[in-house]
Amino acid sequence: MAVKLGYKNVYRDPLGFPEWQKNGLPVASDPLGLCDYAPEAYSPGRIAGWALVWTLLGIFMGGMALNLTPCVYPIIPITVSYFGGKSGRGRGRLLVHGLLYLAGLAVTNSALGVLAALTGGLMGALLQNPLVLVAVAAILVFFAASLFGFWELRLPGSLTQAASKSYAGYFGSLFMGLTLGLVAAPCIGPFVLGLLTWVASVGSPWLGFLVFFTLSLGLGLPLFILAMFSGSLEKLPRSGEWMLWVRHLMGWVLLAMAAYFIQPLLPEALSLALLAGVALAAAIHLGWLDRSTATFRGFAWLKTAAALAGVIIATFLVGSWAVRGPGVAWQPYSDQVMAQAREDHKPVIIDFYATWCTPCRELDEITFHHPEVVKLAGRDFVMVKVDLTQKDNPVHQRLLSQYAVKGVPTLVFLDRQGKECPSLRLVDYLPPEQVLNRMVAVGKN
Amino acid sequence: MGNRRTTFLALAAVILTLGVLWYIQRPVIPQETTLAEVKAEAVKGGYRLITTEALAELYRQPGAKVLLVDTRQDWEYRSGHIQGAVNFPLEPTAWSRWRSQDRLAALLGPDRDRLVVFY
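Printed below as a string of structure tokens:
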């Protein structure tokens with residue numbers, strides 16, 4: 002024991018339980034009621050006091066970090082062009098405009114948080130909807146195309162005019178923030194999915210407001226600073242040809258994000274190949290094909306660094322997939338498999354899944370690749386998978402009503418007699434340790 | 621010339637990445653620790669060792685006040701443990717030990733002379 006607590010009569014039995022059991026000494030096992038064993042339900046606690054302050058501080062930092070994601074990128078030129086027109090009228094007024102802009106942005110995002118708290122899980126489900134994912138990916142590809150120079154990103158003249166003329170008052174700045182919050186929300190949404198789910202599970206609109214208000218303050222702070230100095234930006238020296246290279250780099254980052262977003266919609270191997278392909282293509286383009294030069298010496302190193310980063314990411318993705326240990330050996334559902342399991346008195350785990358569902362993937366990639374889970378599953382269990390990606394299979398329809406499956410993922414645990422243990426049923430991702438708990442519980446009968 | 625340097629570095633990076641991946645994912649055969657190592661660790665940690673027989677002796681004494689602490693994972697404890705033992709899952713990392721020392725102190729109670737056996 003590395004920890005010293007001052008106890009004097011401390012012993013360790015290095016042979017532990019296996020030896021004890023071998024000698025036939027009294028043992029006990031838990032749970033005795035087996036199927037009735039109710040695993041500790043995860044309940045998100047309400048937080049208060051200092052814990053709340055620290056959590057909010059973390060969320061504020063997270064909001065600032067969101068500026069590094071390309072989602073915010075389209076907002077930057079709009080902010081600059083909007084506030085560039087206002088900079089002539091003194092610092093004080095500009096400050097008020099900037100604050101109102103920030104407030105507008107915060108109100109939209111906070112509304113999102115309150116909505117999430119009120120509607121429960123609905124919001125999170127919406128953000129996992131394939132259509133939303135495709136739309137976000139499409140927007141990212143669209144902006145990437147602009148960065149590669151296929152078309153020029155220019156705001157419609159009417160919008161710029163409206164921004165600088167008719168809404169010139171303080172209300173204009175607030176309105177600008179409100180609308181930009183609306184534009185950015187679906188794009189930022191997937192990044193804050195975890196936060197949304199947490200707020201939804203706590204179910205307090207007040208907390209939802211506070212969390213997302215803090216997040217947007219963090220998100221808006223760099224934009225606010227940008228707005229303050231938007232007038233001076235024009236005085237910066239003209240950038241050279243190397244800026245083109247930076248634009249290409251940004252374009253590749255956007256494409257990678259798009260590939261990341263549509264990952265849940267593709268089979269695992271394909272989505273991995275897509276991500277690795279984007280990384281490799283980016284490396285080749287930025288490191289070798291792009292002929293941009295710059296006057297400063299560091300640029301050649303910058304190009305090399307980008308090429309190396311792309312190559313390493315691609316190798317890492319493909320390599321870690323290739324050397325990953327074996328997973329659980331699943332069987333497709335069939336009545337014979339179930340009958341055989343009952344005859345052998347083996348417990349069964351039925352996994353209802355779909356390729357587009359993220360928690361299903363996590364279950365498969367993390368939990369069902371954990372060495373202990375794989376060992377136990379291979380020795381004692383019959384593992385059955387039901388793929389619900391296509392809905393119109395009569396056998397699957399029967400199973401859905403038989404086991405009252407409401408969505409994916411659903412893991413159903415059947416004991417040795419083929420009876421379900423309803424208290425063990427799983428409808429979300431769980432780490433390997435907790436799934437092992439359930440497997441031990443159901444395997445005992 | 622710049623391109624050749626980039627190519628060379630990229631190849632080196634690929635080889636290095638594959639090497640690191642292989643190194644961290646390679647199958648490790650759990651090592652049998654020798655008795656001498658266990659003893660040395662006990663001296664360093666300031667605790668004594670007990671054999672299964674001696675523990676069984678203590679365990680059978682009427683009115684024995686021995687506290688048995690099972691430091692294995694939750695699911696291992698559930699699948700079978702010494703009757704009367706309490707479960708206190710500890711991962712064998714310094715971080716895990718440091719983090720759970722307050723809870724451990726609460727579990728063991730204020731009596732510093734109490735007989736405690738970990739396994």
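Chains as they are written, first to last, in the numbering used here: chain D, 2 to 446; chain X, 621 to 739.
Cβ atoms here follow ideal geometry from the backbone N, Cα and C, with glycine treated the same way.
- For X/T654, the closest Cβ of chain D is not nearer than 8 Å.
- The residue from D/D416, D/L220 and D/L224 with its alpha-carbon nearest to that of D/E344 is D/D416.
- Per DSSP, reduced to three states, the secondary structure at D/L26 is coil, with no helix or strand assignment.
- Excluding its 5 nearest sequence neighbours in each direction, D/T215 has C-beta neighbours in its own chain below 6 Å: L57, I60 and F61, listed in chain order.
- For X/F708, the nearest beta carbon of chain D is not closer than 8 Å to its own beta carbon.
- Under the Cβ criterion of 8 Å, D/D291 is not counted among the residues facing chain X.
- The three-state secondary structure of D/N68, taken from DSSP, is helix.
- Counting only Cβ-Cβ distances below 8 Å, D/F317 has contacts in chain X at T637 and L641, in chain order.
- Close partners of D/L245 in chain X (Cβ separation under 7 Å) are lacking, with about 17 Å as the shortest Cβ gap.
- The beta carbon of X/D694 lies closer than 8 Å to those of N707 and P709 in the same chain, with the five residues before and after it left out.
- Exposed is the label assigned to D/L96, since fewer than 16 other Cβ atoms lie within 10 Å of its Cβ.
- Closest option to X/L655, judged by alpha-carbon separation, among D/F353, D/D14 and D/F18: D/D14.
- Within the segment 717–728 of chain X, those residues whose Cβ lies closer than 9 Å to any Cβ of chain D are, in chain order, R717, W718, S720, Q721, L724, A725 and L728.
- Taking the CA atoms as reference points, D/P223 sits about 32 Å from D/A315.
- The DSSP-derived three-state label of D/L16 is coil.
- D/V443 is positioned such that its CB atom lies no closer than 8 Å to that of D/L427.
- Contact check between the segment 348–368 of chain D and the segment 401–417 of chain D: three or more CB pairs, one atom from each, fall below 8 Å, which counts as touching.
- For D/D291, there is no enclosing beta strand (DSSP E), as DSSP marks it with neither H nor E.
- Between X/V663 and chain D, the shortest Cβ-Cβ separation is not below 8 Å.
- Between D/L245 and D/S293 a beta carbon distance of about 5 Å is seen, short of the 8 Å cut, so the two are scored as contacting.
- The DSSP assignment places complete alpha helix (DSSP H) segments of no fewer than 4 residues inside the segment 324–360 of chain D at 336–344, in order along the chain.
- With respect to chain X, the C-beta atom of D/P27 has a partner C-beta closer than 8 Å.
- The residues R325, G326 and G328, in chain order, have a CB closer than 7 Å to that of D/H370 in the same chain once the five nearest residues on each side in sequence are set aside.
- For X/I670 and X/Y697, the gap between their C-alpha atoms comes out near 20 Å.
- Taking 8 Å as the cut-off between beta carbons, the residues of the segment 264–294 of chain D near chain X are A284, G288 and W289, in sequence order.
- Annotation: X/L631 to D/L431 spans about 39 Å, alpha carbon to alpha carbon.
- Between D/D381 and D/P348, the gap from beta carbon to beta carbon is short of 8 Å.
- Here D/I313 has no same chain residue with a Cβ atom under 8 Å from its own Cβ, once five neighbours each way along the sequence are excluded.
- Between D/G219 and D/G17 a beta carbon distance of about 49 Å is seen, past the 8 Å cut, so the two are scored as non-contacting.
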